[in-house]
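In the working numbering, the protein residues as written are 32 to 328.
Input: a single structure, listed below in structure tokens.
Here is the structure:
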């Protein structure tokens, strides 16, 4: 950083407006080049303090190498559960994905908001890895980031395919970027701690109705049976209530009809003689009676 500022004839000073503007431009260029949020000065913001600090006597490569330093020992042989995929976590545990362009946010999990941040620029990682001289991000970090995407988004998994299609993400369609999944936590020295954090989600109870389904290890078999028995009883009670309500409505209608029947009969008895006397109703003679009259004549 110091060499760049000296080339511009500036010194690192917050009191110098030109130097401050130059630092901002350098920070922006570094962020775009490395796809990582970087700060060039101390701040009072706790969120900003977590970002890598690019000081006067450091190169950008050194800053990123320190920030992405290994967090997990490569000798660890802990197996990663095969069901650890983003699609499985989203469908069963109610999490959402924040597709980010910041490599430093990759695999961050916010359990309160149920959000997982995923770096979506897989093609950028592959291209920069193949031409690492132009990128300040260490090649090992980019390669491992690619491996984490292969781990969490397996190519032949139907749930993953459906999830990525719904999200409009196409990076799994790039055949040249496909790699085999690695299952040991020690294979992820840079991102292993965040993968470990994602594994803890699998120990939580599923969200929605899925939490009442029997687990493969049958640890919740009794709770699941109790819930579905109670749900069945409640459903039968609702059905009985509906049929009972229908029966009451029909009984009420029948009672009203039975009350109106005597009045209708009486009205009919009064109406028939009246119509007959008025001559409006004349009974029709049958054909047999007509023949007899003709014979008499």
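Beta carbons are placed, not taken as given, at the ideal position from N, Cα and C, and that holds for glycine.
CA-to-CA, the gap between residue 72 and residue 98 works out to about 16 angstroms.
Judged by beta-carbon spacing, residue 156 lies beyond the 7 angstroms limit of residue 171, meaning their Cβ atoms are not closer than that value. Residue state for residue 148 is assigned as strand, using DSSP reduced to three classes.
Within the region 139-207, complete beta strand (DSSP E) segments of at least 3 residues are found at 146-150, given in chain order.
In the three-state reduction of the DSSP assignment, residue 103 falls in the coil class. Between residue 178 and residue 210 the beta-carbon gap is near 7 angstroms, inside 8 angstroms, which marks them as a contact. Looking at the backbone, the Cα of residue 219 and that of residue 103 are separated by about 7 angstroms. Taking the C-beta atoms as reference points, residue 236 is found no nearer than 7 angstroms to residue 123. With a beta-carbon spacing of about 7 angstroms, residue 131 and residue 151 fall inside the 8 angstroms limit used to define contacts.
Of the candidates 283, 120 and 94, the residue whose Cα lies closest to the Cα of residue 169 is 94.
Counted as a single uninterrupted DSSP element, the alpha helix (DSSP H) harbouring residue 93 occupies residues 91-98. Ranking 69, 53, 68 and 101 by CA distance to the CA of residue 217 puts 101 first. Using a Cβ-Cβ distance cut-off of 8 angstroms, the region 108-119 and the region 182-199 are in contact, since at least three pairs of beta carbons, one from each stretch, lie closer than that value.
Boundaries of the beta strand (DSSP E) around residue 131: 127-131. DSSP places residue 232 inside the alpha helix (DSSP H), whose first and last residues are 223-232. One alpha carbon belongs to residue 166, the other to residue 64, and they sit about 7 angstroms apart. Separation of the CB atoms of residue 110 and residue 214 is rounded to 6 angstroms, and the pair is thereby assigned contact status at 8 angstroms. DSSP, reduced to helix, strand and coil, places residue 216 within a helical segment of the structure shown. Contact between residue 154 and residue 202 holds, since their C-beta atoms are separated by about 7 angstroms, short of 8 angstroms. Judged by DSSP secondary structure, residue 120 falls within the alpha helix (DSSP H) whose first and last residues are 117-124. The DSSP-derived three-state label of residue 82 is coil. Residues 140 of the same chain have their beta carbon placed closer than 6 angstroms to that of residue 228, with the five preceding and five following residues left out of the count. No Cβ-Cβ contact shorter than 7 angstroms links residue 174 with residue 67. A direct Cα-to-Cα measurement between residue 58 and residue 129 gives close to 24 angstroms. Check the Cα spacing between residue 234 and each of 142, 62, 87 and 55: the tightest is with 142.
Residue 191 sits buried, since 16 or more C-beta atoms from the chains shown fall within 10 Å of its C-beta. The three-state reading of DSSP puts residue 235 in coil, since its state is none of H, G, I, E or B.
Shown here, residue 58 sits in a helix according to DSSP, grouped into three states.
Between residue 91 and residue 53 a beta carbon distance of about 15 angstroms is seen, past the 8 angstroms cut, so the two are scored as non-contacting.
Around the beta carbon of residue 121, a 10 Å sphere encloses 16 or more other beta carbons of the protein chains shown; the residue is thus reported as buried. In this structure, residue 147 places its C-beta atom within 7 angstroms of the C-beta atom of residue 126. Rounded to whole angstroms, the gap between the alpha carbons of residue 225 and residue 149 is 11 angstroms.
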